[in-house]
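A.B. asks:
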Amino acid sequence: MGQATFSSPVEVNGLTIRDADEAASYLADYWPARGGKAYDLAKAACTEAIAGHRDPDEARAAFLFAAKEAGVIALD
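Numbering-wise (our numbering), the sequence shown opens with residue 191 and increments by one.
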């Protein structure tokens, strides 16, 4: 089980999310609306990355997709 650090951080509402643990905490504590497919996938991906069962950047991608869908970061 590693730290599950992202290759590059994700900026969300003035916070820098550097790893799957921070992303999971953001999902649990600050997410604007719980539930939905992208939210659920991001939560699962972060949990799996923290446990060492998934690449951290897969969790980053899932978190980024969910954040864009929820409107907490701008679409590129």
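Each residue gets a CB set at the ideal place from its N, CA and C atoms; glycine is no exception.
Going by DSSP in three states, Asp245 sits in which element: helix, strand or coil?
C.D. replies: Your numbering for residue 245 matches position 55 in the sequence shown. If DSSP states are grouped into helix, strand and coil, Asp245 belongs with coil.
A.B. asks: Is DSSP giving Ile240 helix, strand or coil here?
C.D. replies: For the purposes of this step, residue 240 is taken as residue 50 along the sequence shown, with counting starting at 1. Three-state result, Ile240: helix.
A.B. asks: Can you name the residues that DSSP bridges to Val202?
C.D. replies: As a first step, residue 202 must be located in the sequence shown, where it is residue number 12. Leu205.
A.B. asks: For Glu212 and Gly261, what's the separation of their Cα atoms in angstroms?
C.D. replies: Residue numbering aside, residue 212 sits at position 22 when the sequence shown is read from its first letter. Residue numbering aside, residue 261 sits at position 71 when the sequence shown is read from its first letter. So the two alpha carbons sit approximately 18 Å from each other.
A.B. asks: Mark Pro222 as exposed unless 16 or more other C-beta atoms lie within 10 angstroms of its C-beta, in which case mark it buried.
C.D. replies: Residue numbering aside, residue 222 sits at position 32 when the sequence shown is read from its first letter. The residue is exposed, with fewer than 16 neighbouring Cβ atoms inside 10 Å.
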